[in-house]
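A.B. asks:
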Amino acid sequence: MWVGGHYRENSSMYKRTSSREYSNIEDMEENSDILDNCSDKGTVNPSWKLSLPHVVVATISSFLFGYHLGVVNEPLESISVDLGFHGNTLAEGLVVSICLGGALIGCLLSGWIADGVGRRKAFQLCALPMIIGASMSAATNNLFGMLVGRLFVGTGLGLGPPVASLYVTEVSPAFVRGTYGAFIQIATCLGLMGALFIGIPVKEISGWWRVCFWVSTIPAALLALGMLFCAESPHWLYKQGRTAEAEAEFERLLGASEAKFAMSELSKVDRGDDTDTVKLSELLHGRHSKGSIISMGLMDKLGRKVLLFWSFFGMAIAMILQATGASSLVSNLGAQYFSVGGMLLFVFTFALGAGPVPGLLLPEIFPSRIRAKAMAVCMSVHWVINFFVGLLFLRLLEKLGPQLLYSMFSTFCIMAVIFVKRNVVETKGKSLHEIEIALLPQD
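What follows is the structure, given as structure tokens:
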């Protein structure tokens with residue numbers, strides 16, 4: 077069970093409370109006098125426009141993540157014919173899943189890389205194996221070269237998502253952090269769509285699959301070059317003792333008028349000073365969300381927990397529809413409607429919460445001193461599961477049948493619904509430092 081806390085302005089201290097209470101009092105907190113004091117002091121939300129370009133460049137890594145997950149879907153048959161392993165389902169499964177195995181390696185290293193060299197250089201290191209690996213896959217004439225290239229690409233994919241989540245969380249004002257966090261999922265979807273679009277001519281043009289891989293080197297190069305002009309995470313700079321640089325980056329991200337205040341709050345959290353009633357949330361957590369795009373601001377409007385709950389619930393229903401469509405209870409026409417409807421519902425509800433929320437919620441709830449490494453561990457679990465699903469799905473479908481397999485998936489989703497309801501705390505509208513103080517035991 078997660079343990080949470082809340083802010084009591086009359087005592088100027090964070091008190092311990094249960095996660096259930098933490099969630100229930102959230103709306104009360106949003107209307108508390110501390111926010112009125114914030115307005116009285118003249119503190120306003122920093123402009124979302126200042127941090128937007130930095131977030132957009134960072135999400136190129138998410139675009140590449142989606143692109144490389146989908147790049148072999150259309151061309152797989154052509155690849156297998158040209159490289160001489162057509163009909164070998166194990167080899168075809170390896171071409172798909174070895175990328176996820178490489179992602180596990182990159183993910184395990186991501187925390188140490190992000191903490192060791194900084195977020196910007198971590199992005200550049202993420203782009204390098206994707207350029208090398210995609211080039212190898214595009215130029216190879218055998219299965220071994222394809223697998224090695226996909227493995228290289230995978231290491232970059234494993235490094236990119238956790239660093240992107242960290243970076244977006246640390247450079248975004250709290251009042252649009254959910255909105256910007258959704259950019260990661262949107263970029264992933266755009267990458268998947270881009271891969272499918274690029275792959276359309278693969279059956280008409282011989283060797284087109286090589287073009288599909290070459291194309292991916294362009295956004296990877298843009299990511300590496302774009303990071304030269306982006307801000308470094310002020311949180312990382314401050315932890316390195318580079319306070320002047322951290323303040324300069326705060327000026328780029330929040331504006332000169334807010335930089336010194338943000339720096340003072342960083343120093344308070346660093347030394348455990350919570351005696352001042354003015355918190356960083358007064359700067360980054362306001363009642364007005366001007367500039368937020370409603371369609372991408374659901375996490376800031378409804379909250380992380382609500383989206384996760386209904387996302388997993390919808391995914392469970394979608395899997396039940398799929399299982400029903402695969403059963404003998406419905407006609408052939410009905411089975412088609414159930415299958416297509418279940419697929420569309422699953423994609424929609426996944427994109428609503430289960431896709432974007434964990435990447436934002438995880439770096440929010442971990443303390444800054446272990447945030448990067450904790451993200452690496454969490455994302456590693458994600459990649460291990462993805463690897464085995466990609467490798468074994470077709471065989472499980474053949475052995476168990478779609479009805480039993482989709483029923484198992486539905487059961488996992490229902491378990492996730494129960495877990496979210498009982499254990500996940502709401503972090504909507506909280507600054508990173510406010511969340512950190514609230515969730516950690518007080519001395």
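Residue 77 is where the sequence shown starts when you use our numbering, and the numbers rise one by one after that.
Quick reminder that beta carbons are idealized off the backbone N, C-alpha and C, glycines included.
In the DSSP assignment, find the alpha helix (DSSP H) that holds Cys175 and state where it starts and stops.
C.D. replies: Thr165 to Val193
A.B. asks: Starting from Gln412, trace the alpha helix (DSSP H) in both directions and tell me its first and last residue.
C.D. replies: Asn408 to Thr425
A.B. asks: Counting Cβ pairs, one atom from each stretch, are 3 or more of them under 8 Å apart for the stretch 239-246 and the stretch 219-227?
C.D. replies: no
A.B. asks: Give me the Cβ distance between Lys497 and Phe414, rounded to the nearest whole Å; I'm assuming they're in contact under 8 Å.
C.D. replies: Their Cβ separation, rounded to whole angstroms, is 27 Å, which puts Lys497 and Phe414 out of contact at 8 Å.
A.B. asks: Apart from the five residues just before and just after Met212, which ones in its own chain have a Cβ nearer than 7 Å to its Cβ?
C.D. replies: Gly221, Val224, Gly225 and Phe228
A.B. asks: Is there contact here, the stretch 269-281 with the stretch 432-439, by at least three beta-carbon pairs under 8 Å?
C.D. replies: no
A.B. asks: Does the stretch 170-186 come into contact with the stretch 257-265, if we say contact requires no fewer than three beta-carbon pairs (one atom in each stretch) closer than 8 Å?
C.D. replies: With a cut-off of 8 Å, the stretch 257-265 and the stretch 170-186 do not count as touching, because too few Cβ pairs lie within range.
A.B. asks: Run through DSSP, which three-state label would Leu405 get?
C.D. replies: Reduced to three states, the DSSP call for Leu405 is coil.
A.B. asks: For Glu246, which residues of its own chain have a beta-carbon under 8 Å away from its beta-carbon, when the five flanking residues on both sides are left out?
C.D. replies: Arg195, Ser309, Pro310, His311, Trp312, Pro439 and Leu508
A.B. asks: In whole angstroms, what is the alpha-carbon distance linking Val172 and Glu321?
C.D. replies: One Cα belongs to Val172, the other to Glu321, and the distance between them is close to 42 Å.
A.B. asks: Check whether the stretch 162-170 touches the stretch 278-289, counting contact only when three or more Cβ pairs, one atom from each stretch, lie closer than 8 Å.
C.D. replies: no
A.B. asks: Just to confirm my understanding: we take Arg447, look at its own chain, exclude 5 residues before and 5 after, and list those with CB closer than 7 Å. What are they?
C.D. replies: Close CB contacts of Arg447 within its chain, under the 7 Å cut and outside five residues either way in sequence, are with Leu242 and Pro439 (chain order).
A.B. asks: State yes or no: is the C-beta of Ala394 within less than 7 Å of the C-beta of Gln479?
C.D. replies: Not in contact: Ala394 and Gln479 (Cβ atoms no closer than 7 Å).
A.B. asks: Quick check on this structure: which residue in Ser292, Thr135 and Tyr482 has the alpha carbon closest to the alpha carbon of Pro205?
C.D. replies: Ser292
A.B. asks: Taking just the CA atoms, how far does Ala210 sit from Arg328?
C.D. replies: 34 Å
A.B. asks: So for Cys306, helix, strand or coil by DSSP?
C.D. replies: coil
A.B. asks: Is Phe259 near Val131, with beta carbons less than 7 Å apart?
C.D. replies: yes
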